[in-house]
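Quick note on numbering: the sequence shown equals residues 44 to 265 in our numbering.
C-beta: ideal position from N, C-alpha, C; glycine also.
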Amino acid sequence: MLAEVETQVYQGQFGNFTITDHDRNGVILYRSGLVIAALSFLVGSSLVFWGGNNPEILQLLTPLFFVFSGGLALSLATIHIYFIPLHRLLQLFLGIGTISFIVLTFKTSTPVAEFIYTHPFSLLGIGFTFAALTGIYFKEAFCFNRLETKILTPLVPLLLLGHLFGILPVTTEKLLLSIWSILFLVFAMRKVIQPIPPDIGDKSVFDYLKQQKVSQGISSEH
Numbered sequence: 044m045l046a047e048v049e050t051q052v053y054q055g056q057f058g059n060f061t062i063t064d065h066d067r068n069g070v071i072l073y074r075s076g077l078v079i080a081a082l083s084f085l086v087g088s089s090l091v092f093w094g095g096n097n098p099e100i101l102q103l104l105t106p107l108f109f110v111f112s113g114g115l116a117l118s119l120a121t122i123h124i125y126f127i128p129l130h131r132l133l134q135l136f137l138g139i140g141t142i143s144f145i146v147l148t149f150k151t152s153t154p155v156a157e158f159i160y161t162h163p164f165s166l167l168g169i170g171f172t173f174a175a176l177t178g179i180y181f182k183e184a185f186c187f188n189r190l191e192t193k194i195l196t197p198l199v200p201l202l203l204l205g206h207l208f209g210i211l212p213v214t215t216e217k218l219l220l221s222i223w224s225i226l227f228l229v230f231a232m233r234k235v236i237q238p239i240p241p242d243i244g245d246k247s248v249f250d251y252l253k254q255q256k257v258s259q260g261i262s263s264e265h
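Written out as structure tokens, the structure is:
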């Protein structure tokens with residue numbers, strides 16, 4: 044039975060293809076990264092709600108952010124996106140956001156989370172991390188028509204831009220953050236139980252794009 048699954052041939056847009064153990068492992072890593080990011084984000088949000096302005100509690104958000112970013116990095120390294128420039132752009136966004144956060148850890152003596160909250164302009168750097176996350180939400184909403192990602196795609200920029208420009212009341216921000224935390228975890232958990240092949244997509248498209256790139260490289264040499 045297992046052998047039959049491993050050797051199953053799929054019909055793609057540009058030819059037939061099979062799914063290998065390497066493909067499956069890539070999907071498992073992608074989903075693991077999402078779970079890590081979702082859980083760390085939920086824990087961090089909970090600390091904000093329960094800890095209030097306690098500096099010791101807020102200080103815990105710094106290592107949690109790095110765990111969160113690490114989860115996203117793992118997901119963005121293994122996600123299947125046909126449009127390669129978009130894939131690279133999301134990775135670049137995550138890099139900019141993470142570097143911005145690292146810079147702040149050395150620049151401020153207060154907990155970074157507190158600094159970000161009281162200095163909304165810092166979102167112009169760190170916000171790129173969440174732009175990368177929103178890109179994942181958008182991809183999942185577009186490919187799998189998931190309700191939670193359809194909500195998260197506009198919710199994240201609404202919350203961040205609302206805080207950046209100071210147009211959202213604190214109660215609204217807390218509500219949106221709560222919805223974000225819960226739906227992110229719902230999204231990650233649903234990915235865990237989703238069949239693997241859909242996350243791999245049409246491998247023939249990736250093969251075709253790779254061949255096109257090789258062909259263009261050869262043509263440019265001549």
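- In the three-state reduction of the DSSP assignment, T63 falls in the coil class.
- For secondary structure counted as the alpha helix (DSSP H) over 4 or more consecutive residues, the region 174-235 holds these complete runs in sequence order: 190-207.
- DSSP places H130 in the helix class (H, G or I) of the three-state scheme.
- For P238, there is no enclosing alpha helix (DSSP H), as DSSP marks it with neither H nor E.
- With a cutoff of 8 Å on beta-carbon distance, G114 and G76 are scored as near each other.
- Residue environment for H162: exposed (fewer than 16 other C-beta atoms within 10 angstroms of its C-beta).
- Around the CB of T148, fewer than 16 other CB atoms lie within 10 Å, so the residue is classed as exposed.
- In the three-state reduction of the DSSP assignment, I100 falls in the helix class.
- The C-alpha of K234 lies about 6 Å from the C-alpha of R74.
- Cβ-Cβ separation between L119 and L129: approximately 11 Å, too far for a contact (criterion under 8 Å).
- Membership of T161 in the alpha helix (DSSP H) is indicated by the continuous run V155 to T161.
- With 16 or more neighbouring CB atoms inside 10 Å of its own CB, I169 falls in the buried class.
- Note that the region 151-160 does not touch the region 174-194; fewer than 3 beta-carbon pairs, one per stretch, sit closer than 8 Å.
- I79 carries a helical assignment under DSSP once its states are collapsed to helix, strand and coil.
- For S152, the secondary structure class from DSSP, reduced to helix, strand or coil, is coil.
- H123 sits close to I243, with the two beta carbons spaced by under 8 Å.
- Annotated as proximal: F171 and G140, with beta-carbon spacing under 8 Å.
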